[in-house]
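Q: Here the sequence shown stands for residues 0 to 380, numbered as in numbering that gives the first Met the number 0. All C-beta atoms in this analysis are idealised placements derived from N, C-alpha and C, irrespective of residue type, glycine included.
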Amino acid sequence: MGDNKQQEPLNLSDLGGALPSGLTAEDRAGLVSALKSLAGQHALEMLTPRVRKRVEFLREIQCQHDELEAKFFEERAALEAKYQKLYEPLYTKRYDIVNGVVEVESVAKENADVTASEDKDMEATEEKGVPGFWLTAMKTNEVLSEEIQERDEEALKFLKDIKWSRIDNPKGFKLEFFFDTNPYFKNSILTKVYHMIDDDEPILEKAIGTEIEWLPGKCLTQKVLKKKPKKGSKNAKPITKTENCESFFNFFNPPQVPEDDEEIDEATAEELQNQMEQDYDIGSTIRDKIIPHAVSWFTGEAVQDEDFPDYTVVFHGKLSEFVSRDASAFHKAFGLHPYFFSGNGWPMVDLAYEEGASRRTTKMKYDCNVATLIIFISKRT
């Protein structure tokens, strides 16, 4: 008597985890795809003949769709490359103004009207360009603000520009951070390269960062701890210990994928995956949000567009500046005392006031760690 036991469907949920170690990420992805194809054949064999024929026809439709999708990705890449070239002159103008290489016409006209003695005084006191442009833009973004520590800020003030470009072999993209001469490290350019298995549906293979050449005693990714020797110890000198610490510049030392022949346990693999996802999130945020919209992040308008489309930014800057300069004017205009905050990170405070027949709301974002305040006023209702 034959075995009539029904075949169990294949479990496709963890094909990657069942593969042998020693495969590259690309080979692993290819093998998973092949196994899924075989599993599809297995599933068809379990159908009745008529249903199988219908599904075969549906597969032909799916193939036509996939061919069109491949053309879409190809044309999208070409269109993206075309517009990257059109953006480039605008990025160059932005660089020149931010770094004081050229002056905008209205300021140049003002400078032409001042006397020689006034001009000398202005040169001695006025800063060129837009100081701290990239630092402010990045700190305004919620993803990046979590990475930038207070001790990083002075070094990031020397950041002159950020660029990105696609790479083809292997597929992926590269970020370049251009720094002015500074007292922290020797490098003038710090790079971060992301190697992707599939550029259209991103699967990160690995990331590679520049090794930073720190100047003596200036490393921001490590801190030196000094401990007093125990009582009665013959060694009277303090004990020094170096520890890694949180810093934006850890971005250039990304999590490392183990060699092919190394085996790691499930918990370690999961932690590594989370670290790589977070690292990619930071890189893609810089590429897709900060670089193309840096001015809007600097002014705070990008925060408004992302989080509060129905609000208008009325103040973006340091809390100390607001309290000393704008608080009384704000109170007169809106009848609010917006200086009471608690907690860390970016807590939201909602306030409301009457203005004629309409009611408007104020939302404030306050970063306690860097004392930055953004105030939004709702549009008229």
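DSSP three-state call for Tyr86: helix, strand or coil?
A: Helix at Tyr86.
Q: Helix, strand or coil for Glu242, going by three-state DSSP, please let me know.
A: In this structure, Glu242 counts as strand in the three-state DSSP scheme.
Q: How long is the line joining the alpha carbons of Thr239 and Lys222, rounded to whole angstroms?
A: Taking the straight line from one Cα to the other gives about 10 Å.
Q: If you reduce the DSSP assignment to three classes, tell me which class Asp325 lands in.
A: Residue placement at Asp325 is flagged as unreliable, the pLDDT there being 49, under the threshold of 50; the coordinate-derived value follows with that caveat. Reduced to three states, the DSSP call for Asp325 is helix.
Q: I need the DSSP call for Val50, collapsed to helix, strand or coil.
A: Three-state result, Val50: helix.
Q: Just the C-alpha distance for Glu152 and Lys159, rounded to the nearest angstrom, thanks.
A: So the alpha carbons of these two residues sit roughly 14 Å apart.
Q: In terms of residue numbering, what span does the alpha helix (DSSP H) encompassing Lys217 cover?
A: Note, Lys217: premise wrong, no alpha helix (DSSP H); not H, not E.
Q: Got a sec? Which residues, its chain only, sit under 8 Å from Gly208 by beta carbon, not counting five neighbours each side?
A: Correct list, in chain order: Leu189, Thr190, Lys191, Val192, Phe250, Phe251, Asn252, Pro253.
Q: So, helix, strand or coil for Glu292, using DSSP?
A: According to the sequence shown, residue 292 is His rather than Glu. Correct three-state label for His292: coil.
Q: Excluding the 5 residues preceding and the 5 following Arg324 in the sequence, name in chain order all residues of the same chain whose CB lies nearer than 7 Å to its CB.
A: Its pLDDT being 48, under 50, Arg324 is placed unreliably by the model, and nothing is read from it.
Q: Which residue from Glu87, Glu212, Ala107, Asp95 puts its Cα closest to that of Pro291?
A: Out of Glu87, Glu212, Ala107, Asp95, Glu87 has the C-alpha closest to the C-alpha of Pro291.
Q: Leu134 and Leu155 - do their beta-carbons sit closer together than 7 Å?
A: Contact flag set, yes.
Q: I believe Asn186 touches Phe157 by the beta-carbon criterion, under 8 Å. Please report the beta-carbon distance rounded to the nearest angstrom.
A: Contact doesn't hold; Cβ gap of about 11 Å is too wide.
Q: Any chance you could list the beta strand (DSSP E) runs of at least 3 consecutive residues sitting entirely within the stretch 134 to 209, in chain order?
A: Within the stretch 134 to 209, the complete beta strand (DSSP E) runs of at least 3 residues are 158 to 167, 170 to 178, 188 to 195, 203 to 208.
Q: Would you identify the three-state DSSP class for Lys227, choosing helix, strand or coil?
A: Reduced to three states, the DSSP call for Lys227 is coil.
Q: To the nearest angstrom, how far is it from the Cα of Asn368 to the Cα of Trp213?
A: Any answer about Asn368 is weak, because its pLDDT of 42 lies below 50 and its placement is not dependable; what the coordinates show is given next. Each residue's Cα considered, the two are about 25 Å apart.
Q: Assign Gln274 to one of two classes, buried (16 or more other C-beta atoms within 10 Å of its C-beta) or exposed (fewer than that).
A: With fewer than 16 Cβ atoms within 10 Å of its Cβ, Gln274 is classed as exposed.
Q: Using beta-carbon positions only, say whether Gly216 and Met195 come within less than 7 Å of one another.
A: No, these two residues do not count as a Cβ contact at 7 Å.
Q: So, with DSSP's three-state summary, where would you put Gln63?
A: Helix at Gln63.
Q: What number of angstroms, rounded off, separates the C-alpha of Leu203 from the C-alpha of Tyr279?
A: So the two alpha carbons sit approximately 8 Å from each other.
Q: Would you mind stating whether Phe184 and Ile147 have Cβ atoms separated by less than 7 Å?
A: No, the pair does not count as a contact, with Cβ atoms beyond the cut-off.
Q: In terms of residues, what are the limits of the alpha helix (DSSP H) holding Gln274?
A: Counting along the chain, the alpha helix (DSSP H) containing Gln274 begins and ends at 265 to 284.
Q: With burial defined as no fewer than 16 other Cβ atoms inside 10 Å of the residue's Cβ, what is the status of Ile60: buried or exposed?
A: The residue is exposed, with fewer than 16 neighbouring Cβ atoms inside 10 Å.
Q: Would you say Thr284 and Val142 are within 7 Å of each other, going by their C-beta atoms?
A: Yes.
Q: So, are the CB atoms of Leu89 and Arg150 less than 7 Å apart?
A: No, these two residues do not count as a Cβ contact at 7 Å.
Q: Within 10 angstroms of its Cβ, does Val101 collect 16 or more other Cβ (buried), or is it exposed?
A: Exposed, because fewer than 16 other Cβ atoms sit within 10 Å of the Cβ of Val101.
Q: Count the other C-beta atoms from every protein chain shown that fall within 10 angstroms of the C-beta of Asn140, then say buried if there are 16 or more, exposed otherwise.
A: With 16 or more Cβ atoms within 10 Å of its Cβ, Asn140 is classed as buried.
Q: Can you tell me the Cα-Cα spacing of Glu109 and Gly282, whole angstroms?
A: So the two alpha carbons sit approximately 40 Å from each other.
Q: On the CB-based measure, 16 or more other CB atoms within 10 Å of its CB, does Ile263 come out buried or exposed?
A: Under this definition Ile263 is an exposed residue.
Q: Should Arg286 be labelled buried (16 or more other beta-carbon atoms within 10 Å of its own) or exposed?
A: Buried, since its Cβ has 16 or more Cβ neighbours within 10 Å.
Q: In whole angstroms, give me the CA-to-CA distance for Glu125 and Lys84.
A: Approximately 34 Å between the Cα atoms of the pair.
Q: Please state if the CB of Leu43 and the CB of Arg51 are separated by a distance shorter than 7 Å.
A: Contact flag set, yes.
Q: Work out the CA separation of Asp167 and Asp296 for me, nearest whole Å.
A: The sequence shown places Trp at residue 296, not Asp. Trp296 and Asp167: Cα-Cα distance of roughly 30 Å.
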